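Chemist:
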Amino acid sequence: MSRRDKWKSARDAMMAPLGKTKGVKTRESVPEVCCGKCEMWFENAYSSEGRGTCRVLKMGSEIHSDKPTYVLEGDAGLISYFNMDASHCSYFSKMELIDTDGTECSDPLFRRALRQMKKFNE
Amino acid sequence: MGQSTARTEKESSVEELKNRREWWFVAEKTRSKRLDYLRKGVWKKGAIGGNYAPGIKIDLTFPQLFIDKWQEHEGEAIMLQKAHALAHVLDNIPIFITDNSQIMGYIGSAPHNIVWHWQGISMVNEEIYNEEGIIPEPEEESLEILANLNDYWGGRTAVDKLARVLDPEDAVKFMSGAIGWGTPTSAATYSTKDFDYIFKGFEAILAEVEERMEETEEKLQGNPSPEILPLYDKLPRWEAMQIVLEAGIRYAERYARLARTLAEHFESDPERREELLRIAETCERVPAKPPRNLQESLQFDHFVQVLSRYETFEGAWPHRPDYIHGPYYDKDVNQDKRLSKEEALDLVGEHLIRTHEVGIFAPKWAREGLQGITGTWVWTMGGVKPDGSDACNDMTVAYMQAARLVRVSNPTFGFRWHPKVKDEVMRECFECIRHGLGYPSMRNDPVLVANTVHWYGHPVEEARTWVHQACMSPCPTTKYGCQPMRMASATANCAKMIEYALHDGYDPVVNMQMGPKTGDPREFKDFEDLFGAWVKQMEWLRNILVRTVNLGRVKDPEFFGRPFLSAIYERAVETGTDACDPSNGDRGNAWVTGFTWVENADSLAAIKKFVYDEKKYTMDEVLDALNANWVGYEEMRLDFVKNAPKWGNDDDYVDDLMVRCLREVSRHSKENRCPSNNTWPLLPENVSGNIHYANLVGALPNGRRLGDALYDGGISPGPGLDKKGPTAVLKSCGKFDHVTDGRAFLLNQRLSPTQLSGEKGYQLWKAYMKTWADLGLDHVQFNMVDDATLRAAQKDPEKYQEVIVRVAGYSAHFVDISRKTQDNIIQRTVQGLG
Numbered sequence: 001m002s003r004r005d006k007w008k009s010a011r012d013a014m015m016a017p018l019g020k021t022k023g024v025k026t027r028e029s030v031p032e033v034c035c036g037k038c039e040m041w042f043e044n045a046y047s048s049e050g051r052g053t054c055r056v057l058k059m060g061s062e063i064h065s066d067k068p069t070y071v072l073e074g075d076a077g078l079i080s081y082f083n084m085d086a087s088h089c090s091y092f093s094k095m096e097l098i099d100t101d102g103t104e105c106s107d108p109l110f111r112r113a114l115r116q117m118k119k120f121n122e
Numbered sequence: 001m002g003q004s005t006a007r008t009e010k011e012s013s014v015e016e017l018k019n020r021r022e023w024w025f026v027a028e029k030t031r032s033k034r035l036d037y038l039r040k041g042v043w044k045k046g047a048i049g050g051n052y053a054p055g056i057k058i059d060l061t062f063p064q065l066f067i068d069k070w071q072e073h074e075g076e077a078i079m080l081q082k083a084h085a086l087a088h089v090l091d092n093i094p095i096f097i098t099d100n101s102q103i104m105g106y107i108g109s110a111p112h113n114i115v116w117h118w119q120g121i122s123m124v125n126e127e128i129y130n131e132e133g134i135i136p137e138p139e140e141e142s143l144e145i146l147a148n149l150n151d152y153w154g155g156r157t158a159v160d161k162l163a164r165v166l167d168p169e170d171a172v173k174f175m176s177g178a179i180g181w182g183t184p185t186s187a188a189t190y191s192t193k194d195f196d197y198i199f200k201g202f203e204a205i206l207a208e209v210e211e212r213m214e215e216t217e218e219k220l221q222g223n224p225s226p227e228i229l230p231l232y233d234k235l236p237r238w239e240a241m242q243i244v245l246e247a248g249i250r251y252a253e254r255y256a257r258l259a260r261t262l263a264e265h266f267e268s269d270p271e272r273r274e275e276l277l278r279i280a281e282t283c284e285r286v287p288a289k290p291p292r293n294l295q296e297s298l299q300f301d302h303f304v305q306v307l308s309r310y311e312t313f314e315g316a317w318p319h320r321p322d323y324i325h326g327p328y329y330d331k332d333v334n335q336d337k338r339l340s341k342e343e344a345l346d347l348v349g350e351h352l353i354r355t356h357e358v359g360i361f362a363p364k365w366a367r368e369g370l371q372g373i374t375g376t377w378v379w380t381m382g383g384v385k386p387d388g389s390d391a392c393n394d395m396t397v398a399y400m401q402a403a404r405l406v407r408v409s410n411p412t413f414g415f416r417w418h419p420k421v422k423d424e425v426m427r428e429c430f431e432c433i434r435h436g437l438g439y440p441s442m443r444n445d446p447v448l449v450a451n452t453v454h455w456y457g458h459p460v461e462e463a464r465t466w467v468h469q470a471c472m473s474p475c476p477t478t479k480y481g482c483q484p485m486r487m488a489s490a491t492a493n494c495a496k497m498i499e500y501a502l503h504d505g506y507d508p509v510v511n512m513q514m515g516p517k518t519g520d521p522r523e524f525k526d527f528e529d530l531f532g533a534w535v536k537q538m539e540w541l542r543n544i545l546v547r548t549v550n551l552g553r554v555k556d557p558e559f560f561g562r563p564f565l566s567a568i569y570e571r572a573v574e575t576g577t578d579a580c581d582p583s584n585g586d587r588g589n590a591w592v593t594g595f596t597w598v599e600n601a602d603s604l605a606a607i608k609k610f611v612y613d614e615k616k617y618t619m620d621e622v623l624d625a626l627n628a629n630w631v632g633y634e635e636m637r638l639d640f641v642k643n644a645p646k647w648g649n650d651d652d653y654v655d656d657l658m659v660r661c662l663r664e665v666s667r668h669s670k671e672n673r674c675p676s677n678n679t680w681p682l683l684p685e686n687v688s689g690n691i692h693y694a695n696l697v698g699a700l701p702n703g704r705r706l707g708d709a710l711y712d713g714g715i716s717p718g719p720g721l722d723k724k725g726p727t728a729v730l731k732s733c734g735k736f737d738h739v740t741d742g743r744a745f746l747l748n749q750r751l752s753p754t755q756l757s758g759e760k761g762y763q764l765w766k767a768y769m770k771t772w773a774d775l776g777l778d779h780v781q782f783n784m785v786d787d788a789t790l791r792a793a794q795k796d797p798e799k800y801q802e803v804i805v806r807v808a809g810y811s812a813h814f815v816d817i818s819r820k821t822q823d824n825i826i827q828r829t830v831q832g833l834g
């Protein structure tokens with residue numbers, strides 16, 4: 001795979017949800033076990049719309065099927081979203097939500113300030 | 001301080017409050033009733049820490065009005081399509097007049113609303129959807145509206161389009177958020193404005209546009225040739241300019257009608273009725289025609305700023321209001337005696353408040369990097385005229401006096417100091433600093449004029465017109481000097497340079513191979529190998545940012561479109577181009593903002609001393625300690641903090657390394673080229689990026705751990721690490737050339753308010769400023785609020801709402817910044833002068 005192709009898949013993963021009609025329902029849906037609740041998930045610092053990177057898995061990993069594929073070597077971390085289903089991922093490790101508010105700017109390691117995550121704090 | 005006093009601020013006299021240096025209470029007691037009303041009525045639009053204040057809501061009227069016409073004109077040239085949409089907004093957005101106000105114009109449909117620009121970045125649109133607290137009631141309905149808007153704009157925004165054109169590796173790394181911040185689209189940037197041209201009035205510009213269109217249409221009827229082909233694209237651009245200029249005039253006329261209606265049918269107070277009629281007359285006059293008096297010039301200026309922000313974010317506010325409005329003040333107050341000084345001060349104070357209330361949604365990273373404010377609105381004061389003579393005037397003084405009365409954190413001022421500045425003006429600057437505003441920052445005008453000529457080749461007369469393009473960087477305000485789109489994305493998280501040099505280009509925080517593989521540091525033979533790796537990482541980091549921004553700039557007319565800005569840019573009107581098109585004569589004035597810069601020199605010095613010179617530790621031990629985030633290595637960490645040389649102590653060991661790093665960057669700055677084929681110098685400064693990046697930069701050899709606040713920026717020494725006094729700081733900073741070694745260099749200093757009280761205090765400060773100027777430094781800014789007050793404000797924020805601190809290139813109300821940032825400011829060394 002050429003350098004460009006390798007990174008193109010990462011870019012496409014990063015930009016994929018943009019431009020797809022999703023409506024309210026999809027946006028509000030956050031599974032009980034999701035990337036946003038995993039301590040391995042690192043919220044991207046460039047934007048806070050819910051994009052992030054896995055600190056274990058690399059690009060090429062696929063965690064949504066019954067038989068996930070885990071890639072642990074590579075240049076780019078797996079890009080995923082806070083509300084992605086992580087119930088099949090064996091690397092999922094639930095984190096304690098420390099800074100759910102964001103006021104203190106303890107970003108982005110422990111921040112989950114997204115409105116849709118509030119239901120998990122109550 | 002405030003809490004320990006026997007009499008409360010309400011019971012105390014102004015003199016007592018002054019003696020206690022409780023300037024925020026002095027301001028409340030001494031400003032006019034009008035200013036007090038307007039100041040207290042302002043909605044807080046800057047984020048408190050990383051979040052918006054309760055009650056602040058996103059404006060949904062603006063985007064819905066916009067999209068109605070946008071979709072109707074789908075398929076037209078982007079500038080024309082946008083012009084139709086903007087005109088529809090300006091004709092229909094609800095307007096209102098605040099009691100006691102004299103300056104009109106508001107961005108958004110209600111006072112508590114913040115707007116945003118959905119055509120810029122889909123990620124920001126989605127962030128708004130996900131954001132807690134800002135969705136208007138009824139929430140369900142608002143979410144539906146937002147989802148529909150986001151569904152439409154997803155994939156169509158300027159950054160979405162750019163990401164498809166960028167090299168995919170660049171796109172992923174740039175948007176990782178680790179190496180820099182910002183957005184390479186003019187949706188999120190800011191522009192310099194030439195008021196000599198704009199104050200001709202919109203009608204005069206419209207006549208110019210009409211003339212050019214007629215000439216062009218005539219040519220298009222002539223002999224077919226390649227020369228006439230580009231003209232077809234110019235006509236819709238001119239048409240777009242016409243549409244927005246006419247809409248701008250109508251927008252002002254709506255205010256005129258509202259003011260007249262209120263005066264004639266509703267207002268019972270005869271004095272206010274007169275004011276409303278004057279407002280009506282003013283808005284009927286400007287921006288259609290040139291201003292004739294101070295109220296008209298301020299109103300014209302504000303309309304231009306408001307209209308610009310309906311078009312785009314304009315995250316900074318490059319401006320020189322004392323220079324622009326000075327002649328009108330002189331005419332009204334000194335010559336015609338139309339206004340008293342107090343009346344003029346009310347107008348000037350309101351001008352600051354009207355600016356302060358502007359609110360535009362910023363994504364989380366920007367809110368955290370600019371805590372407490374909406375954007376870096378640093379207005380330029382003082383300086384020289386194009387012929388080199390002193391430009392300070394009565395408006396310079398009026399703005400300084402008004403600032404002390406209204407105590408807003410935005411805009412702030414940067415003062416262009418030069419040897420001919422009169423003592424009375426210097427005293428005004430000092431009074432603002434002494435009152436704890438944190439501004440004006442002091443800028444060395446002769447150095448910065450020379451710097452502007454050196455880096456970009458601006459003619460000296462042009463360079464002398466400079467304003468702060470954002471926090472720090474000078475940009476001329478002339479036909480070819482104005483910058484339509486400073487690209488905030490060329491902002492580097494410089495601490496990554498040393499971090500990557502020590503990790504073979506790998507970023508453990510974002511789990512990505514970011515920089516080039518420069519080798520395992522354990523294999524480095526000597527310090528030169530490490531320094532060579534640092535240079536390669538520095539070049540890589542700058543290259544990716546500059547490449548991205550250059551492309552964003554060139555593509556902006558195609559991906560975003562600026563009808564209004566083009567209509568007020570002389571060179572765009574003349575050539576029928578988008579103002580952001582770099583081919584229309586733009587000289588280029590680009591720079592890379594360097595966040596977290598000083599960590600490089602301190603880290604390199606620590607390794608040089610302990611690993612290579614003294615061989616006290618091996619590189620292996622250092623890397624193990626860093627990889628463990630210093631956990632289990634506390635004794636070693638303290639050795640690196642306390643005993644390694646630190647910048648800002650007049651210590652050649654580390655200062656020479658700082659100079660060497662800067663010279664490497666300067667060399668590389670000339671190799672990087674902007675679309676106008678000009679240079680990309682470095683400008684070290686930080687805003688509050690030192691907090692934002694705290695969890696993005698791993699452990700460093702200066703003893704810092706992942707999560708610790710980074711240094712407060714520019715060339716400021718690490719907080720508490722400058723132990724040899726203020727002169728040593730200045731001497732360190734004077735060891736490199738502020739003209740040729742970079743674009744500008746931010747220096748934060750904390751001074752003792754007790755020591756600087758009275759006339760003696762002023763003389764001490766003046767002597768300090770002389771040393772600063774003699775050493776050729778280009779910038780310095782001061783915090784002059786004592787720890788006791790800041791700690792009292794932490795305990796009782798409601799009482800200290802107007803206490804201001806200098807964060808970095810901007811000021812903020814202390815209560816609006818996060819605890820971590822507050823502590824970082826308290827931690828800064830208080831320098832004793834004399």
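Chains A and B, in that order, give the protein sequences.
Taking our numbering, the leading residue of the first sequence gets 1, the next gets one more, and so forth.
Taking our numbering, the leading residue of the second sequence gets 1, the next gets one more, and so forth.
Beta carbons are placed, not taken as given, at the ideal position from N, Cα and C, and that holds for glycine.
These numbers were taken from a predicted model, which means no experiment stands behind them.
In terms of DSSP beta bridges, what is proline 411 of chain B paired with?
Modeler: By one-based count along the second sequence, residue 411 of chain B stands at place 411. None, per the DSSP bridge assignment.
Chemist: Please confirm whether methionine 497 of chain B has its beta-carbon closer than 8 Å to some beta-carbon of chain A.
Modeler: Translated into positions along the second sequence, residue 497 of chain B becomes position 497. It does not: the Cβ of methionine 497 of chain B has no partner Cβ on chain A nearer than 8 Å.
Chemist: How about the stretch 696-704 of chain B and the stretch 602-615 of chain B: do they share at least three Cβ pairs that are nearer than 8 Å?
Modeler: yes
Chemist: For asparagine 130 of chain B, would you say it is in contact with chain A, using Cβ-to-Cβ distances shorter than 8 Å as the test?
Modeler: Looking up residue 130 of chain B in the second sequence gives position 130. With 8 Å as the cut-off, asparagine 130 of chain B counts as an interface residue toward chain A.
Chemist: Return the CA-CA distance between glutamine 299 of chain B and valine 408 of chain B, expressed in angstroms with no decimal places.
Modeler: For this step, residue 299 of chain B is matched to residue 299 along the second sequence. For this step, residue 408 of chain B is matched to residue 408 along the second sequence. Whole-angstrom Cα-Cα distance: 19 Å.
Chemist: Do we get a CB-CB distance below 8 Å when we pair asparagine 835 of chain B with the residues of chain A?
Modeler: In the structure as shown, chain B starts at 1 and stops at 834, and residue 835 of chain B therefore has no counterpart that could be examined.
Chemist: Taking all protein chains shown into account, do 16 or more other C-beta atoms lie within 10 angstroms of the C-beta of valine 14 of chain B, making it buried, or fewer, making it exposed?
Modeler: Reading the second sequence from its first residue, position 14 is the one you call residue 14 of chain B. Exposed, since its Cβ has fewer than 16 Cβ neighbours within 10 Å.
Chemist: Strictly by DSSP, which residues pair up with lysine 94 of chain A?
Modeler: The residue given as residue 94 of chain A occupies position 94 in the first sequence. Paired residue(s): A:Cys38.
Chemist: Hey, does threonine 53 of chain A have any beta-carbon neighbour from chain B nearer than 8 Å?
Modeler: In the first sequence, residue 53 of chain A corresponds to position 53, counting from 1. True, the Cβ-Cβ gap to chain B drops below 8 Å.
Chemist: So with CB distances below 8 Å, who are the chain A contacts of alanine 147 of chain B?
Modeler: Translated into the one-based positions of the second sequence, residue 147 of chain B becomes position 147. Within 8 Å Cβ-Cβ: Lys22, Gly23, Val24, Arg27.
Chemist: Less than 8 Å between the C-beta atoms of alanine 362 of chain B and threonine 380 of chain B, yes or no?
Modeler: By one-based count along the second sequence, residue 362 of chain B stands at place 362. By one-based count along the second sequence, residue 380 of chain B stands at place 380. Going by beta carbons, alanine 362 of chain B and threonine 380 of chain B fall outside the 8 Å limit.
Chemist: Could you tell me which chain B residues have their CB closer than 8 Å to the CB of glycine 77 of chain A, listed as they occur along the chain?
Modeler: One-based indexing of the first sequence puts residue 77 of chain A at position 77. Result: Val510, Asn511, Met512.
Chemist: Under 8 Å between C-beta atoms, does leucine 143 of chain B make it to chain A?
Modeler: Taking the second sequence and counting its residues from 1, one reaches residue 143 of chain B at position 143. Yes, leucine 143 of chain B counts as interfacial toward chain A.
Chemist: Evaluate the contact criterion for the stretch 734-751 of chain B versus the stretch 674-684 of chain B: three or more CB pairs, one atom per stretch, below 8 Å.
Modeler: yes
Chemist: List, in order along the chain, the chain A residues whose C-beta lies closer than 7 Å to that of glycine 177 of chain B?
Modeler: Numbered from 1 along the second sequence, position 177 holds the residue referred to as residue 177 of chain B. Those are Asn44, Ala45, Tyr46, listed as they occur along chain A.
Chemist: Does DSSP put histidine 265 of chain B in a helix, in a strand, or in coil?
Modeler: For the purposes of this step, residue 265 of chain B is identified with residue 265 of the second sequence, where counting begins at 1. Helix.
Chemist: Would you say asparagine 678 of chain B and alanine 590 of chain B are within 8 Å of each other, going by their C-beta atoms?
Modeler: Here residue 678 of chain B refers to the residue found at position 678 when the second sequence is read from its first residue. Here residue 590 of chain B refers to the residue found at position 590 when the second sequence is read from its first residue. Yes, they are a contact pair.
Chemist: List the residues of chain A that tryptophan 118 of chain B touches, going by C-beta distances under 7 Å, in chain order.
Modeler: For the purposes of this step, residue 118 of chain B is identified with residue 118 of the second sequence, where counting begins at 1. Those within 7 Å of tryptophan 118 of chain B in chain A number zero; the least Cβ separation is about 12 Å.
Chemist: Determine the burial state of alanine 110 of chain B: buried for a count of at least 16 other Cβ atoms within 10 Å of its Cβ, exposed for fewer.
Modeler: Your numbering for residue 110 of chain B matches position 110 in the second sequence. Label assigned to alanine 110 of chain B: exposed.
Chemist: So asparagine 148 of chain B and tyrosine 129 of chain B are in contact, right, with Cβ under 8 Å, and what is the actual spacing, rounded?
Modeler: To locate residue 148 of chain B, count along the second sequence from 1; it is residue 148. To locate residue 129 of chain B, count along the second sequence from 1; it is residue 129. 11 Å between Cβ atoms; not a contact.
Chemist: Could you check whether the Cβ of leucine 294 of chain B sits closer than 7 Å to any heavy atom belonging to the ligand ZN?
Modeler: Annotation note on the ligand ZN: not contained in the displayed structure, which lists no ligands.
Chemist: By the three-class DSSP mapping on this structure, what secondary structure does histidine 779 of chain B have?
Modeler: Stepping through the second sequence from its first residue, residue 779 of chain B is reached at position 779. Strand at histidine 779 of chain B.
Chemist: What residues in the stretch 664-696 of chain B have a beta carbon less than 9 Å from any beta carbon of chain A?
Modeler: Answer set for the stretch 664-696 of chain B: Ser688, Ile691, His692, Tyr693, Ala694, Asn695, Leu696.
Chemist: Quick check on the DSSP output: the beta strand (DSSP E) that includes lysine 18 of chain B runs from which residue to which?
Modeler: Within the second sequence, the letter at position 18 stands for residue 18 of chain B. Counting along the chain, lysine 18 of chain B falls outside any beta strand (DSSP E), though it belongs to the alpha helix (DSSP H) covering 14-19.
Chemist: Is tryptophan 866 of chain B close to chain A? Criterion is C-beta to C-beta, closer than 8 Å.
Modeler: Residue 866 of chain B cannot be examined here, being either before or after the span of chain B that is shown, 1 to 834.
Chemist: So which of A:Leu114, A:Glu73, A:Ser9, A:Phe92 has the shortest CA-CA distance to cysteine 34 of chain A?
Modeler: Mapped onto the first sequence, residue 34 of chain A falls at position 34. Among A:Leu114, A:Glu73, A:Ser9, A:Phe92, the Cα nearest to that of cysteine 34 of chain A is on A:Phe92.
Chemist: For alanine 263 of chain B versus alanine 280 of chain B, is the C-beta distance shorter than 8 Å?
Modeler: Walking along the second sequence from the start, residue 263 of chain B turns up at place 263. Walking along the second sequence from the start, residue 280 of chain B turns up at place 280. Cβ distance < 8 Å, so alanine 263 of chain B and alanine 280 of chain B count as in contact.
Chemist: So, do the stretch 234-246 of chain B and the stretch 75-85 of chain B have three or more beta carbon pairs nearer to each other than 8 Å?
Modeler: yes
Chemist: Taking DSSP as the reference, what is the three-state secondary structure of serine 4 of chain B?
Modeler: Within the second sequence, residue 4 of chain B is the residue found at index 4, counting from 1. With a pLDDT of 46 at serine 4 of chain B, under the threshold of 50, the modelled position of this residue cannot be trusted, and the question is left open.
Chemist: Which residues in chain A have a C-beta closer than 9 Å to the C-beta of glutamate 614 of chain B? List them in chain order.
Modeler: The residue you call residue 614 of chain B lines up with position 614 of the second sequence. Simply none; closest approach about 35 Å.
Chemist: Give the residues of chain B in contact with leucine 114 of chain A, contact being defined as C-beta atoms less than 7 Å apart.
Modeler: Within the first sequence, numbered from 1, the residue matching residue 114 of chain A stands at position 114. Those are Asn130, listed as they occur along chain B.
Chemist: Near arginine 278 of chain B, what residues of its chain come up, given a Cβ to Cβ distance below 8 Å and the 5 sequence neighbours on each side ignored?
Modeler: Taking the first residue of the second sequence as position 1, residue 278 of chain B is located at position 278. Short of 8 Å from the beta carbon of arginine 278 of chain B, and not among the five residues preceding or following it, lie these beta carbons of its own chain, in chain order: Gln102, Gln295.
Chemist: Give the secondary structure of glycine 82 of chain A by DSSP, where H, G and I count as helix, E and B as strand, and everything else as coil.
Modeler: The residue given as residue 82 of chain A occupies position 82 in the first sequence. In the sequence as displayed, the identity of residue 82 of chain A is phenylalanine instead of glycine. Correct three-state label for phenylalanine 82 of chain A: coil.
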